[in-house]
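Encoded as structure tokens, the structure appears first; notes follow it.
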Amino acid sequence: MDQKKHRKHKEEQKSPKRGNAFLRWLGYTVFGVVYLYVSTSLWIFQGPFPSLKNYLIDTLDSTQHGYLLRPLSLYTLPESVIQAHSLTNGLVSSTKPVNEITKRTFHVNDGSIKEETYQGKTFKADILLVKDPSRIKVVATKYLHQHGETVQQMVKDVGAVAGINAGGFVDTNWQGTGANPQGITMHDGQLVNITGSRTQPQPVIAFTAGGQMIAGAYSLPQLRNLGVQEAVGFGPVLVQDGKPVQTADGAGLDPRTAIGQTENGTVILMVTNGRGLSASDAGASYDDIKALMINKFHAVIAANLDGGSSTTMVYNNKLVNTPWDILGERSVATSIVVMPETGGGANG
Numbered sequence: 001m002d003q004k005k006h007r008k009h010k011e012e013q014k015s016p017k018r019g020n021a022f023l024r025w026l027g028y029t030v031f032g033v034v035y036l037y038v039s040t041s042l043w044i045f046q047g048p049f050p051s052l053k054n055y056l057i058d059t060l061d062s063t064q065h066g067y068l069l070r071p072l073s074l075y076t077l078p079e080s081v082i083q084a085h086s087l088t089n090g091l092v093s094s095t096k097p098v099n100e101i102t103k104r105t106f107h108v109n110d111g112s113i114k115e116e117t118y119q120g121k122t123f124k125a126d127i128l129l130v131k132d133p134s135r136i137k138v139v140a141t142k143y144l145h146q147h148g149e150t151v152q153q154m155v156k157d158v159g160a161v162a163g164i165n166a167g168g169f170v171d172t173n174w175q176g177t178g179a180n181p182q183g184i185t186m187h188d189g190q191l192v193n194i195t196g197s198r199t200q201p202q203p204v205i206a207f208t209a210g211g212q213m214i215a216g217a218y219s220l221p222q223l224r225n226l227g228v229q230e231a232v233g234f235g236p237v238l239v240q241d242g243k244p245v246q247t248a249d250g251a252g253l254d255p256r257t258a259i260g261q262t263e264n265g266t267v268i269l270m271v272t273n274g275r276g277l278s279a280s281d282a283g284a285s286y287d288d289i290k291a292l293m294i295n296k297f298h299a300v301i302a303a304n305l306d307g308g309s310s311t312t313m314v315y316n317n318k319l320v321n322t323p324w325d326i327l328g329e330r331s332v333a334t335s336i337v338v339m340p341e342t343g344g345g346a347n348g
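Residue numbers (full-length UniProt numbering): 1 to 348.
Take a look at the structure:
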């Protein structure tokens, strides 16, 4: 009996020691995590490797997660530096003067959509070839200025048969919910939303009433004079008059979304994968998209749309690609959709 009491007494003596050991372990762990976070942040944002810092800034900005840069840098990164890397600054590469644009009207009796894939060295591309450009519409989230929708939701909203993500967006406090489209957004000839000047040129990708694609920096009055019906703010132009356009940025490999048009009016909708673990899943550069648009599909004009984690393609009620965002398909502000052959009316 005395031995049992003695063992129980020893166990009671050990118990506080075990509790203290756990608290010490927890304290060391918390200290280690905080130390690792602070040291890594300072090493990236204040260290001797500016290319690494610039890569992280550009990556977060291109995926519309620029709002994370200040806290990730422990608020040591000036707002001026973030603005200098702003995606908007790289959206304009080439603009064809309005008086040099030959207006065209496409009369296409072929309403078919052809689906293709292409495997490059560092990316896979999913492509939809839409023969009739009159089927192309721009749709904005039906919760404009509140929050965005996924491409699948927008396609369903308007009864479309296909769609890709379109322009960028700027949200209050940089929350990334897709509430406010960036630049000029038009649908069926009506202005849906505009940020910035109404009279100064802005980067835009547009389609006229005749089904002609136009891309570059144009003002709202210029777009109206050209007879633009559908428009979304983004860029840069990648192909103009069948030739590649020199672009300042975009040499890196990323998921990409792009749109182009051939001489006969066929619209090329394209998305690529990227940021994967294998070399064949690293992503595409602007030059990759230019080469594919020109050499394989003979595009006379092509432009870049919002990429990164926003990159999404939907066709026949199915998600064609696998979005890079860890949360799945992302909510965005605008989509470019393909309406049914009967014409259907987008109500976005």
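Glycine is no exception: its CB is placed at the ideal position from the N, C-alpha and C atoms.
Quantities reported herein were computed from a predicted structural model and do not represent experimental measurements.
Within the same chain, show all residues whose beta-carbon is closer than 7 Å to that of Pro323, passing over the 5 residues directly before and after it, in chain order. Ser309, Thr311, Thr312, Glu329 and Arg330
Which class does Asp281 belong to by DSSP, given the choice of helix, strand or coil? helix
Minimum length 4: unbroken alpha helix (DSSP H) runs contained in the region 120-184: 151-158
Contact belief for Thr105 with Val232 at Cβ below 8 Å, rounded distance in angstroms: The Cβ separation is near 21 Å, so there is no contact.
Could you tell me which of Thr76, Leu226, Ala282 and Lys142 sits nearest to residue 349, measuring between CA atoms? Residue 349 is absent from the structure shown; the chain starts at 1 and stops at 348.
Straight-line CA distance for Gly283 to Leu23? 45 Å
Endpoints, the beta strand (DSSP E) within which residue 409 is located: What the structure shows of the chain is the stretch from 1 to 348, and residue 409 is not part of that stretch, so it cannot be assessed.
Given Thr122, which residues of its chain have a CB within under 6 Å of its CB, disregarding the five upstream and five downstream residues? Leu253 and Ala282
Check whether the Cβ atoms of Phe234 and Ala166 lie closer than 8 Å to each other. yes
Residues near residue 349 by beta carbon distance below 8 Å, same chain, minus five either side: In the structure as shown, the chain begins at 1 and stops at 348. Residue 349 is therefore absent and cannot be evaluated.
When the Cβ atoms of the region 220-227 are set against those of the region 113-120, are three or more pairs found closer than 8 Å? no
Out of curiosity, what's the CA-to-CA distance linking Asn304 and Lys156? 24 Å
Using the rule of at least 16 other Cβ atoms within 10 Å of the residue's Cβ for burial, across every protein chain shown, is Tyr286 buried or exposed? buried
Does DSSP put Gly27 in a helix, a strand or coil? helix
Give me the Cα-Cα distance between Pro236 and Met213, rounded to the nearest whole angstrom. 14 Å
Just to confirm the assignment, what range does the beta strand (DSSP E) spanning Tyr286 have? It is not in any beta strand (DSSP E) - Tyr286 instead sits in the alpha helix (DSSP H) that spans Tyr286 to Ala291.
Would the beta-carbon of Lys296 fall within 8 Å of that of Leu238? no
So within the region 304-331, which uninterrupted beta strand (DSSP E) runs reach at least 3 residues, ignoring any that extend past its ends? 313-315
Ile101 (DSSP reduced to helix, strand or coil): coil
By Cβ distance below 7 Å, which residues in the same chain neighbour residue 349 in space, the five residues on each side in sequence not counted? In the structure as shown, the chain starts at 1 and stops at 348, and residue 349 therefore has no counterpart that could be examined.
Can you tell me where the alpha helix (DSSP H) with Asn225 in it begins and where it stops? Leu220 to Asn225
Are there 16 or more other CB atoms within 10 angstroms of the CB of Arg135, so buried, or fewer, so exposed? buried
Rounded to the nearest angstrom, what separates Val228 and Phe207 at their Cα positions? 6 Å
Per DSSP, what kind of secondary structure is Ala333 in: helix, strand or coil? coil
DSSP state of Gln246, grouped into three classes? coil
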